[in-house]
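J.:
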Amino acid sequence: MLKPSRLMVGLLPLSALVLAACKPAEPITEHAPGVKVGYYTLEEAPLTLATDLPGRTSAYRVAEVRPQVAGILERRLFTEGSEVKQGQPLYQIDARTYVAQQSRAAANLRSARNLAERYERLLKARAVSQQQYDDAVAAWKQAAADKQLADINVQYTRVLAPISGRIGRSAMTEGALVTDSQNAAMATVNQLDPIYVDVTQPITRILQLKRALKAGDLKNAGADQAEVTLTLDDGSAYPLTGHLKFSEVSVDQGTGSVTLRAVFPNPDRALLPGMFVHARVKEGVREKAVLVPQQAIIRDSRGVATAWVITAGNHVEQRDVQTVRTVGNAWLVESGVLAGERVITQGLQHVQADSLVDAQPATNIELKAAFTAN
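Per the numbering used here: the sequence shown = residues 16 to 389.
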């Protein structure tokens with residue numbers, strides 16, 4: 016059997032290299048595939064701006080029930096916690112003394128009138144002097160005033176509701192002695208429909224709003240009064256809308272804030288004085304607002320807000336963005352990006368300046384900001 020020569024064995028590896036070199040070359044990709052990112056296309060539209068402020072409710076009107084004459088309290092004529100009408104009897108004070116004074120005043124009035132009328136006839140007959148007649152007329156007028164005062168005191172023995180509203184607990188019971196000069200009120204009536212909501216706003220924010228309105232960046236949200244909505248302390252929304260009616264004329268030196276007062280209808284008495292609420296006050300309308308999703312805004316090492324924008328050819332660049340405030344889950348921006356541009360919201364950790372991206376509409380964006388048409 017013939018053995019392969021050493022020359023043949025040496026040629027085998029060389030032949031394999033030659034054959035490999037003759038195979039067709041693999042195609043070379045010119046560009047690496049872009050990084051997959053999700054983007055959101057910015058829009059421009061009118062936006063109603065509102066601010067959330069803490070507040071408390073207070074009665075629209077408060078009136079303390081007080082006696083105007085002294086005496087023993089005979090009866091309470093209302094149910095504690097009930098609704099009362101203006102002029103409704105609430106208490107009855109012992110009236111016997113005042114009725115007696117009324118009868119005496121009536122008798123004195125009749126006597127004084129008769130005397131004045133008799134003196135008038137005598138004056139014509141020159142039987143009395145003019146001075147005597149004038150004194151009789153003055154006594155008649157005095158008796159009439161005494162009778163009127165006695166009538167008023169008798170009326171005051173029945174204590175009436177000063178306003179319509181809900182009356183609280185009674186501070187006095189039957190048999191108690193009340194006086195017209197006592198410090199303690201007998202009861203308190205609160206008018207609850209409508210009802211006030213008092214909120215506080217920092218003076219710095221009010222100054223910003225005034226500058227924006229003056230510059231034309233904002234226009235008034237309403238013709239007269241700003242609308243206000245409420246969220247109760249348990250998180251539920253109050254169904255009726257109120258309006259801003261009043262702004263305090265001075266700044267609280269301790270807090271640097273101003274008190275604003277809104278008025279709400281309260282037909283079901285769902286709001287009671289002293290309740291803590293969250294009020295949303297409409298501040299104005301920005302006619303050309305651009306909202307950027309919060310996912311698209313990041314802070315660089317300088318602490319400046321930035322956004323990655325997809326340019327022509329699906330390249331990216333980083334822009335400095337001037338933010339104004341948050342609106343829902345978005346940022347209202349002043350400059351840096353424009354409506355129609357695409358900002359990256361997904362895959363931000365993989366992008367670099369001028370890198371090529373494979374851009375698709377984002378699936379993690381649902382702006383809850385309330386764009387308006389007014």
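All C-beta atoms, glycine included, are put in the ideal place defined by N, C-alpha and C.
Compute the beta-carbon to beta-carbon distance between W346 and V307, rounded to the nearest angstrom, for a pair I have assumed lies under 8 Å.
T.: 5 Å
J.: Cβ atoms of A294 and L224: under 8 Å apart, would you say?
T.: No. Outside cutoff.
J.: Take T194 as the anchor and find which of G328, Y171, L164 and Q268 has the nearest alpha-carbon.
T.: Y171
J.: How is E58 classed by DSSP in three states: helix, strand or coil?
T.: coil
J.: So what does DSSP say about D302, is it helix, strand or coil?
T.: It should be pointed out that residue 302 corresponds to Glu in this sequence rather than to Asp. If DSSP states are grouped into helix, strand and coil, E302 belongs with the strands.
J.: Measuring CB to CB, does Y211 end up less than 8 Å from Y75?
T.: yes
J.: Considering Cα atoms alone, identify which of S196, I380, A311 and Q364 is closest to V348.
T.: A311
J.: Is the Cβ-Cβ distance between Q216 and V169 less than 8 Å?
T.: no
J.: Quick test of the definition: if touching needs 3 or more C-beta pairs under 8 Å, does the segment 64-79 touch the segment 281-293?
T.: yes
J.: Are Q103 and L192 touching if we call contact CB-CB under 8 Å?
T.: no
J.: Under 8 Å by Cβ, that's how I've got A110 and A158 pegged, so tell me the actual separation to the nearest angstrom.
T.: 21 Å between Cβ atoms; not a contact.
J.: Give the list of continuous beta strand (DSSP E) stretches no shorter than 3 residues that lie fully inside the segment 133-194.
T.: 173-175 and 180-182
J.: Please name the residue in E263, G183, A78 and S251 whose C-alpha comes closest to that of I221.
T.: E263
J.: Could you pull out every residue in the same chain whose Cβ sits closer than 8 Å to the Cβ of D335, ignoring the five residues on either side in sequence?
T.: V319, A320, T321 and G351
J.: Measuring CB to CB, does T378 end up less than 8 Å from Y55?
T.: With a cutoff of 8 Å on beta-carbon distance, T378 and Y55 are scored as not near each other.
J.: State buried or exposed for F279, treating a residue as buried only when at least 16 other CB atoms are found within 10 Å of its CB.
T.: It counts as buried.
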